[in-house]
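Take a look at the structure set out below.
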Amino acid sequence: MDRPGFTASLVVACLIRVPSEVVKQRAQVSASSGTFHIFSNILYTEGVQGLYRGYKSTVLREIPFSLVQFPLWESLKALWSWRQDHVVDCWQSAVCGAFAGGFAAAVTTPLDVAKTRIMLAKAGSSTASGNVLSALQGVWRTHGLSGLFAGVFPRMAAISLGGFIFLGAYEQTRSLLLEVGRERP
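Given below as structure tokens:
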């Protein structure tokens, strides 16, 4: 894994992911407003920077998540391959992806909680400033360990399913492309 290139790709992907996440989360807590109204309101009251509130915390969540998920996925595939004495099938790779994604989701949940608090904080509040450590300390003070891991099981379930589908499809596509490459001179 090319760490600088991989990290750069996460940083760039968050340029698109964060505004959509901010609008989505605000729509979830304010179901009476439409998506376009929420988007316009953010731009009007907070400017473009309002759409990027939580950018730093999202990047700070994505990097450790990926640094756990992908090496764990590769290690699980290698272990399974070794145990059965041949390379894992695509469905086995998908199962490894589900476990790796679920584990990475669990250990990075406190960072996800901080990101969500920052994105949903009232404009101008100290939490809205984006300080991840301050957000984590605030959650710890008011809700303790259970607050830091709020939503851990739905997060693990969703990301496990995503890991199963995404990494399984990746492995299937990779296998097909390698096979096509071998058939051509």
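Everything in the sequence shown is counted per our numbering, starting at 1206 for the first residue and increasing by one. Glycine included, every Cβ here is placed at the ideal spot set by N, Cα and C.
Asked	Found
Inter-residue spacing [alpha-carbon to alpha-carbon] between CYS1301 and PHE1211	21 Å
C-alpha gap between THR1321 and VAL1385, whole angstroms	44 Å
Assumed close pair ILE1243, LEU1256 - CB separation to whole angstroms, cut-off 8 Å	In fact, because the Cβ distance is near 11 Å, the residues do not count as touching under 8 Å.
Among ALA1319, GLU1251, GLY1349 and ALA1328, nearest to LEU1338 - alpha-carbon criterion	ALA1319
Best match in HIS1291, PHE1358 and SER1245 for proximity to ALA1309 [C-alpha to C-alpha]	PHE1358
GLN1274 to ALA1340 span [Cα, whole Å]	24 Å
Member of GLN1289, TYR1249, GLY1356 and ARG1266 whose CA lies at the smallest distance from the CA of LEU1173	Residue coverage of the chain in this structure runs from 1206 to 1390, which leaves residue 1173 outside it and unanswerable.
C-alpha gap between PRO1269 and ARG1387, whole angstroms	36 Å
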